[in-house]
Amino acid sequence: MKDKQHFIEDVAQIAQQRVEAGTLSRRSFNQLLMVIAAAAGMGPLRKAFADSGSVVVANWGGDAVPAFEKSFQAFNAAGMKLQVDGSGPTEGAVKTQVNSGAVRWDVCDGEMYSSYRLGKEGVLTPIDYSVVDKSLIGYGDVHEFGLANYSYSYVMGYDAKKFGKNPPKSWADFWDVKKYPGKRTLYKWMSANLECALLADGVTPDKLYPLDVDRALRKIEELMPHIVTHWSTGAECQQLLRDGEVSMAQMWHTRAQLVKQDTGGAIDWGFDNAIVAPSVWMVPKNNPAGAANAMKFIAFALRPETQAKLMEVYNMGPVDSKVNSLLSAELQKINPTAPDNLRKQVQMNNLWYADHYSDTLNRYLALIGG
Amino acid sequence: MRISFHGTLRIYALLILPLPLLIVVGYLLPTAGVLGWSLSLPQPGLQNYATILDTPSIHSVIWRTLRICLLTTAISVAIAYLIAFRWRFASARGRMLIELFVLLPFWLSMLIRAFAWLVLLRNDGLVNQSLLTLGLLDEPLALVRNELGALIGMVHFMVPYAVLPLLSSMGQVDDSLLRASSSLGAGRWETLRNVFFPLTLPGVAAAMATVFVFSLGCFVTPALLGGGKAAMLAESIYIQMFQLSNWGLGAALSIVLMAMVAVCAVVFVKLVGVGRFTGRQA
Chain X
40 MKDKQHFIED VAQIAQQRVE AGTLSRRSFN QLLMVIAAAA GMGPLRKAFA
90 DSGSVVVANW GGDAVPAFEK SFQAFNAAGM KLQVDGSGPT EGAVKTQVNS
140 GAVRWDVCDG EMYSSYRLGK EGVLTPIDYS VVDKSLIGYG DVHEFGLANY
190 SYSYVMGYDA KKFGKNPPKS WADFWDVKKY PGKRTLYKWM SANLECALLA
240 DGVTPDKLYP LDVDRALRKI EELMPHIVTH WSTGAECQQL LRDGEVSMAQ
290 MWHTRAQLVK QDTGGAIDWG FDNAIVAPSV WMVPKNNPAG AANAMKFIAF
340 ALRPETQAKL MEVYNMGPVD SKVNSLLSAE LQKINPTAPD NLRKQVQMNN
390 LWYADHYSDT LNRYLALIGG
Chain L
833 MRISFHGTLR IYALLILPLP LLIVVGYLLP TAGVLGWSLS LPQPGLQNYA
883 TILDTPSIHS VIWRTLRICL LTTAISVAIA YLIAFRWRFA SARGRMLIEL
933 FVLLPFWLSM LIRAFAWLVL LRNDGLVNQS LLTLGLLDEP LALVRNELGA
983 LIGMVHFMVP YAVLPLLSSM GQVDDSLLRA SSSLGAGRWE TLRNVFFPLT
1033 LPGVAAAMAT VFVFSLGCFV TPALLGGGKA AMLAESIYIQ MFQLSNWGLG
1083 AALSIVLMAM VAVCAVVFVK LVGVGRFTGR QA
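Taken in order, these protein sequences are the chains called X and L. Basically the numbering used here = 1-based index in the first sequence + 39. Basically the numbering used here = 1-based index in the second sequence + 832.
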């Protein structure tokens, strides 16, 4: 692309000289400029006509794209390159692509419960466990159509300047606006919200599932006057905390760590009472690079060294507690599946979500919509 | 070569065939497809429509959508009318300035504009901070992350769309008509009310129709500025289709949205009178 720019600049320069010399008419010069502009614009467009020699991994965009690119740099399968697409593999998007026959993604980093549902609907390719070593997975669901790829936690990010001396230790503290004044924010798509509400209401972790939705929604309603908004993207929850619009946020630990680094510790977080969940690798049917290459990528991503790299680059927790020993001491502190941290947390049950997500989300959005 | 009259007609018919064909293929067929989805997913039947009729939360979303869209239309067109009026009687340079400022927002992304409003209207944003420091307020005003914020963002977004048809319609009002009216003894207000305004009604109707239809489909601005409390029908459709992959209900909601647009189109046309558009006297 860089060479192309230079070449184009060169063409423009030559054309300008010719116009001044009178050998190129003004009209032709303008036409040439238009062609050059179109050619320059074609550069990025060319990539969209996906190079046939690449494995496309879809994730949720933003910082996660360079994170994946860096961590999976070493992937090489019969000369295929890795391409990361950050457009967000929602259930609907995957379904649309498979049903219309225009599948753009080879491997999707999706929600675990989505992989159960999409698998049932027949739009996913079964994982080839002869290529992918499932014994490498110590934490997280492994099933016919998907397997855990990394772990993350829903934690409490809080204003350390206000609450640093007496940090919140449980979701009951999150709900306590007298002891910890200020506004709150929760995740719009409801994952883990109900668990947090029930834990705040006094339910013990072992009695959490199946979730008592009515009780959880009542607890959420209690907090509603103090919820300034529900965040729907990772960057949004970072911004809400950093700008002081909320004093406590339910957020992903990766984002909490980012905002802690950005603000030099003015925002802090911890694993106490957090909810840990796995994300999933799933392969849409008829993916462009073929099932074999998709499985090769998954096997590569599951290797302990790759898992350690992912943790290093973007704090996405490994799915095997054995990988913890490969990490540095600071990283071990923020690793969701480190044995010390795993002990403090509640594990999310994705099978419940696979069955109940739609109806419950509708009720939740109706409640917060007012 | 001499072709008969009917032969000529047939050739002309063939020549213009591509356009209706394009409309059928590109518009009517997919709409029929969506209608089919609403009646067949997940099982054949009218369950999706029954769900819509039975669920109070969907009713409140529809009412909220109508309310916000009608308010947006009324306010945007009112503001746009004032802007277009100023433009109508401005000098050439004044006109250029007004056109520039009306068109400038088109070059900005909708997201940037929404975030700019957030920065201005937040509890610790510019507006609240200045009012607080001036001592005019004790507590910050909740200007955003609620319906009011969504309304402000949408009006800001829609005013340029409303101004354009009004500019064209007002530009067509003949100066001599206004002078004739005042030479017959009408004061400025009377001229405005009885001569100018009725002549600009087609522009007003076009502006209202444009803004209303656009705002029905708008959901990014209300989602960002509404703080989740201004959920609109378009966002519900998005959630059903992508987040929950419940395509049958999403399709049924889309058909409801289309029906709302159709009803409003009929109402607008009846109100203003089709004759005004086609040039025939009503």
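Beta carbons are placed, not taken as given, at the ideal position from N, Cα and C, and that holds for glycine.
My parser needs the beta strand (DSSP E) runs of 3 or more residues fully inside the segment 260-342 of chain X; what are they?
266-270, 287-291, 306-321
4-residue-minimum alpha helix (DSSP H) runs that sit fully inside the segment 120-205 of chain X, ordered along the chain:
130-139, 151-160, 199-202
Going by C-alpha to C-alpha distance, which of X:K120, X:P357, X:L406, X:E183 sits closest to X:K335?
X:K120
State the DSSP-derived secondary structure class of L:A922, mapped to helix, strand or coil.
Note: L:A922 maps to coil in three-state DSSP.
Tell me whether X:I176 is buried or exposed, calling it buried when 16 or more other Cβ atoms sit within 10 Å of its Cβ.
buried
Which same chain residues end up closer than 6 Å to X:Y155 when comparing Cβ atoms and leaving out the 5 residues on each side of it in sequence?
Closer than 6 Å at Cβ, skipping near neighbours: A393.
For the 8 Å Cβ check, are there 3 or more pairs between the segment 145-160 of chain X and the segment 175-191 of chain X?
yes
Spatial neighbours of X:S93 within its chain, please: CB distance less than 8 Å, with the 5 preceding and 5 following residues excluded, ordered by chain position.
Within the same chain, Cβ atoms closer than 8 Å to the Cβ of X:S93 are found at M119, K120, L121, Q122, A328, the five residues on either side in sequence being excluded.
In chain X, which residues lie with their C-beta within 9 Å of the C-beta of L:S889?
N401, R402, L404, A405, L406, G408
With a threshold of 8 Å on Cβ separation, who are the neighbours of X:W384 within its own chain once the five nearest residues in sequence on each side are excluded?
Contrary to the premise, residue 384 of chain X reads as Gln rather than Trp in this sequence. Excluding residues up to 5 positions away in sequence, S192, F310, N312, A313, I314, V315, P375 lie with their Cβ nearer than 8 Å to the Cβ of X:Q384 in the same chain.
C-beta neighbour in chain X for L:L1103, strict 7 Å
no
Three-state secondary structure (DSSP) of X:T243
X:T243 sits in coil when the DSSP states are folded into three classes, being neither helix nor strand.
Tell me, please, whether the segment 1026-1035 of chain L touches the segment 1006-1014 of chain L by the rule of three or more beta-carbon pairs shorter than 8 Å.
Yes, since at least three Cβ pairs between the segment 1026-1035 of chain L and the segment 1006-1014 of chain L fall closer than 8 Å, the two stretches touch.
Tell me the DSSP secondary structure of X:Q386 in three-state form.
Taken through DSSP and simplified to helix, strand or coil, X:Q386 comes out as strand.
Taking only the alpha-carbon atoms, compute the straight-line gap between X:G101 and X:T129 and give it to the nearest angstrom.
16 Å
Under the three-state reduction of DSSP, which class applies to X:T224: helix, strand or coil?
For X:T224, the three-state secondary structure derived from DSSP is strand.
Measure the C-alpha to C-alpha separation of L:H891 and L:V1093 and round it to an integer number of angstroms.
16 Å
Looking at the unbroken alpha helix (DSSP H) that takes in X:A106, where does it start and where does it end?
103-110 is the extent of the alpha helix (DSSP H) around X:A106.
Taking the DSSP output, what are the residues bridged to X:A97?
Looking at the DSSP output, X:A97 shares a beta bridge with X:D124, X:C147.
Please give the ranges of any alpha helix (DSSP H) in the segment 1060-1096 of chain L, keeping only runs that are unbroken, at least 4 residues long and fully inside the region.
Restricted to the segment 1060-1096 of chain L, the alpha helix (DSSP H) segments that are unbroken, complete and at least 4 residues in length are 1065-1070, listed in chain order.
Between X:A288 and X:R223, how many whole angstroms is the CB-CB distance? I'm expecting something under 8 Å.
7 Å
Does the segment 104-111 of chain X come within contact of the segment 1040-1050 of chain L, defined as at least 3 CB pairs closer than 8 Å?
no
Contacts of X:A132 in chain L (Cβ-Cβ under 7 Å)
F1074
When you compare only the Cα positions, how much space is there between L:R945 and X:Y197?
L:R945 and X:Y197 have their C-alpha atoms spaced approximately 29 Å apart.
With L:I944 as the anchor, note down where its alpha helix (DSSP H) starts and where it stops.
942-953
Alpha carbon to alpha carbon, how far is L:S889 from X:A405? Give it in angstroms, no decimals.
Spanning the alpha carbons of X:A405 and L:S889 requires a straight line of approximately 6 Å.
Applying a beta-carbon distance threshold of less than 8 Å, which residues of chain X neighbour L:R954?
Under the 8 Å cutoff, chain X gives D282, E284.
Pull out every residue of the segment 256-268 of chain X whose Cβ sits closer than 9 Å to any Cβ of chain L, in chain order.
I266, V267, T268
Chain L residues whose Cβ lies nearer than 7 Å to that of X:T129
F1074, Q1075
Does the segment 1056-1074 of chain L come close enough to the segment 973-990 of chain L to have 3 or more Cβ pairs within less than 8 Å?
yes
Label L:F955 either buried or exposed according to how many other C-beta atoms from any shown protein chain fall within 10 Å of its C-beta, with 16 as the threshold for buried.
Just to set this straight, residue 955 of chain L is Asn in the shown sequence, not Phe. L:N955 comes out buried.
Below 7 Å between beta carbons: does that hold for X:I259 and X:L280?
no
L:L873 and L:W1021 closer than 7 Å at C-beta:
no
Output needed in chain order: residues of the segment 207-236 of chain X with a Cβ under 9 Å from some Cβ in chain L.
K222, K227, W228
Which first and last residues belong to the alpha helix (DSSP H) in which L:G865 is found?
861-872
Rounded to the nearest angstrom, what separates X:S110 and X:A340 at their Cα positions?
9 Å
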